[in-house]
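Report on the structure given below.
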Amino acid sequence: MSALDDGLARARAIAEEALPERGERLGPLAAPMGYAIEGGKALRGFLVLEGARLHGLDEGAVRGAVQAAECLHAYSLVHDDLPSMDDDDLRRGRPTLHRQWDEATAILAGDGLQALSFELLAGLDLPPSRVVALIRGFASAVGAEGMVLGQAMDIAAETAEAPLTLEEITDLQAKKTGALIRWSAGAGAVMAGADDGPLDTYGRALGMAFQIADDLLDVTGDAGTVGKATGKDADAGKATFVSLLGLKAAQARASALVEEACDALSPYGPDAETLRDAARFVISRKR
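In this note's numbering, the protein residues as written are 85 to 371.
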């Protein structure tokens, strides 16, 4: 396995440990919350873990932040899949949570994962000022100025008189998809009390490249490989990077963003090669 494969696998294992550690306290929510976390790429958790490594922090000190990133991401997917949102039946190659259980359980499991993510961050054994800074940035990234706003903008676009422009879709996706990736990339620096500028730049470019790759997979992928329905954006007439730029130009834009992300890591030299591999992975993945 490559260093990237190892890192993703380790982040996934850490994320999946968040719920068993709470045992019976979660009651009937334990199974659906665990189901929501299983099977993901754990990219966001990996970014937290790798950024922390670059700044000399060991795994034990930051595992709560790794888990928080993945719990929050899982919550966002569960709610995004709901009938009142995207109404999807398939996620990560399995029935979406509201299909596996029911809509009420999906809402509550998502709520539980969101709250748990903040609890995990608050429990970090780090200087209080760093924990507060980390939580403040997290709340901004995933709340009504970030991910939640991006989702609201996406829903509003479905009934808008005209499709979104390239500038508008870029702003939307920087919030809906990019904000949590950007926070995850910079979290290690914040926890170390270091300058997060290079990793923030990396995360911003990486988040946008990730979304363009998603738009490309919606056009070129198949549900069996991608693990979720494809072609939905085109069927709904939604503006995407592919519909606005065309296939080849969208691919070129994603590649340019990966190059930008990799260039941002120059202060770290060869120590950041695994993060560079992650950026290349984002646009070469098949799911």
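Glycine residues also receive a C-beta, built at the ideal position from the N, C-alpha and C atoms.
On a predicted model such as this, the values are computed, not experimentally measured, just so you know.
- Within the DSSP bridge table, the entry for Arg178 names Arg175 as partners.
- Runs of the alpha helix (DSSP H) spanning 4 or more residues and lying entirely within the stretch 170–256 occur at 181–184, 187–206, 212–226 and 231–242, in chain order.
- The C-alpha of Ala240 lies about 40 Å from the C-alpha of Leu210.
- Residue burial annotation: Thr304 is exposed, with fewer than 16 other C-beta atoms found within 10 angstroms of its C-beta.
- When DSSP states are grouped into helix, strand and coil, Lys125 belongs to the coil group.
- Of the candidates Lys125, Glu100, Pro167 and Ile296, Lys125 places its Cα closest to the Cα of Arg176.
- Going by beta carbons, Ile121 and Leu103 fall inside the 8 Å limit.
- About 6 Å separates the beta carbons of Glu134 and Thr358, which is inside the 8 Å limit, making them a contact pair.
- Counting C-beta pairs with one atom in each stretch, the stretch 266–285 and the stretch 234–252 have fewer than three that are closer than 8 Å, which means they do not touch.
- In the three-state reduction of the DSSP assignment, His139 falls in the coil class, being assigned neither a helical nor a strand state.
- Contact annotation: the stretch 333–350 touches the stretch 286–298, with at least three C-beta pairs closer than 8 Å.
- The alpha-carbon of Gly111 is positioned some 20 Å away from that of His163.
- Spatial neighbours of Gly129 in its own chain (CB-CB distance under 8 Å, excluding positions within 5 residues in sequence) are listed in chain order as Ala95, Arg96, Ile98, Ala99, Val150, Gln151, Ala153, Glu154 and Ser268.
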